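**Q** Handing you this structure, nothing more for now.
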Amino acid sequence: PSSSYTTTTVTTLSDLQTAVTGSANKIVKLQGTITCTGLGNPVDVGSNTIVVGEIVSGNNAVIDGCGINISGKNNVVVRNIVFRNFNSDGIKVWSSSTNVWIDHNTFEDGGDGCIDITNAADYVTVSWNHFKSHNAVSLLGGSDTATQDIGHLRVTYHHNFFDQTRQRHPRVRFGNPVHVYNNYFKGITSYGVASTMDAGVLVEHNYFEDTNDCFHLGEGSSGPGTIRAISNHFVNSGSSGLGTAD
Numbered sequence: 003p004s005s006s007y008t009t010t011t012v013t014t015l016s017d018l019q020t021a022v023t024g025s026a027n028k029i030v031k032l033q034g035t036i037t038c039t040g041l042g043n044p045v046d047v048g049s050n051t052i053v054v055g056e057i058v059s060g061n062n063a064v065i066d067g068c069g070i071n072i073s074g075k076n077n078v079v080v081r082n083i084v085f086r087n088f089n090s091d092g093i094k095v096w097s098s099s100t101n102v103w104i105d106h107n108t109f110e111d112g113g114d115g116c117i118d119i120t121n122a123a124d125y126v127t128v129s130w131n132h133f134k135s136h137n138a139v140s141l142l143g144g145s146d147t148a149t150q151d152i153g154h155l156r157v158t159y160h161h162n163f164f165d166q167t168r169q170r171h172p173r174v175r176f177g178n179p180v181h182v183y184n185n186y187f188k189g190i191t192s193y194g195v196a197s198t199m200d201a202g203v204l205v206e207h208n209y210f211e212d213t214n215d216c217f218h219l220g221e222g223s224s225g226p227g228t229i230r231a232i233s234n235h236f237v238n239s240g241s242s243g244l245g246t247a248d
């Protein structure tokens, strides 16, 4: 970032909430553990904001008990934070937010989605994150009736580690194109990728280990989308679900 960015270091929830507001260019460095049990998504991040966790004396930056909300904002980066025990979403990206990068974070033991992207959000990258011991990892498209999502939800997932999680890696409605590449799926207990409601998903160069259902079309009451699967690697895993594979 250029010198036009201001930099603030925070260690408390109230300071974090204040530092990330507004649309001015800013870098917010998070240190230590912020505890916010049961508060949902109380951190509303403004546009043109970089939120980055710093390691201090060997300890990661942690948000324990709640998550981050990105609603109707542009140009947001969230990096290098451990999200733990969140009762809502770890990171919620929605309401036409664009140009969001979620990178090198860890998500564990949450109550809802780790990263949910809905309501016509667009141009989002989810990269180099570690998801572990969680049920619903990433919902891309909130409902079968959210037709405002058509033409949006263009999202890339790459170099993530889905570590013995259950489902939604991601579960896609309407988004096209969605690119899921170079991820490591280990011990997925329900399914890997689901393409529904006319979504278009490219599943490419991923490594699936101990995963019976790597990807499929349709999910629950949602009708099918499309999947093209290219050059994935399968170890003790189902080789493919429905879709086009080569």
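Heads up: the sequence shown begins at 3 in our numbering, then just goes up one per residue.
For every residue, glycine included, the Cβ atom is placed at its ideal position computed from N, Cα and C.
As the structure is a prediction and not an experimental result, all values here were calculated from the model.
Whole beta strand (DSSP E) runs in the region 81-157 with 3 or more residues, listed along the chain?
**A** Segments of the beta strand (DSSP E) lying fully in the region 81-157: 84-86, 93-96, 100-105, 108-110, 117-119, 124-129 and 132-134.
**Q** Quick one: using the 10 Å Cβ neighbour count with 16 as the cut-off for buried, is VAL22 buried or exposed?
**A** Buried, by the Cβ-count rule.
**Q** Reducing DSSP to helix, strand and coil, say where ARG168 ends up.
**A** In this structure, ARG168 counts as coil in the three-state DSSP scheme.
**Q** Can you check DSSP and say which residues form a bridge with SER197?
**A** Per DSSP, VAL174 and LEU219.
**Q** Does the separation of the CB atoms of THR108 and PHE88 fall below 8 angstroms?
**A** Cβ atoms of THR108 and PHE88: not closer than 8 angstroms.
**Q** Please name the residue or residues paired with HIS207 in a DSSP beta bridge.
**A** Beta-bridge pairing links HIS207 to no other residue.
**Q** At which residues does the beta strand (DSSP E) containing ASP212 begin and terminate?
**A** Element bounds for ASP212: n/a, residue is neither H nor E.
**Q** So, using beta-carbon positions, are ARG173 and MET199 closer together than 8 angstroms?
**A** No, the Cβ-Cβ distance between ARG173 and MET199 is not below 8 angstroms.
**Q** Starting from THR8, trace the beta strand (DSSP E) in both directions and tell me its first and last residue.
**A** From DSSP, the beta strand (DSSP E) with THR8 extends over 8-12.
**Q** Can you look up SER16 in the DSSP assignment and give me helix, strand or coil?
**A** Residue state, collapsed to three classes: helix.
**Q** Which of the three DSSP states is assigned to ALA21 in this structure?
**A** Correct three-state label for ALA21: helix.
**Q** Assign SER233 to one of three DSSP states: helix, strand, or coil.
**A** Coil at SER233, not helix or strand.
**Q** Can you check which of these residues, ASP165, GLY202 and VAL102, is closest to TYR193 by C-alpha distance?
**A** For TYR193, the nearest C-alpha among the options comes from ASP165.
**Q** When the Cα of ASN137 is compared with those of ALA123, SER6 and GLU110, which residue comes out closest?
**A** Cα-wise, what sits closest to ASN137 is GLU110.
**Q** Should GLN150 go down as buried or exposed, given a rule of 16 or more other Cβ atoms within 10 Å for buried?
**A** When all chains shown are included, GLN150 counts as exposed.
**Q** Per DSSP, what are the beta-bridge partners of GLY69 in this structure?
**A** In DSSP, GLY69 forms no bridge with anything.
**Q** Kindly indicate which residue of SER90, GLY69, VAL78 and HIS106 has the alpha-carbon position closest to the one of GLY24.
**A** It is VAL78 whose Cα lies nearest to the Cα of GLY24.
**Q** Where ILE36 and ASN62 are concerned, what is the direct C-alpha to C-alpha distance, given to the nearest angstrom?
**A** In a straight line, the C-alpha of ILE36 is about 11 angstroms away from that of ASN62.
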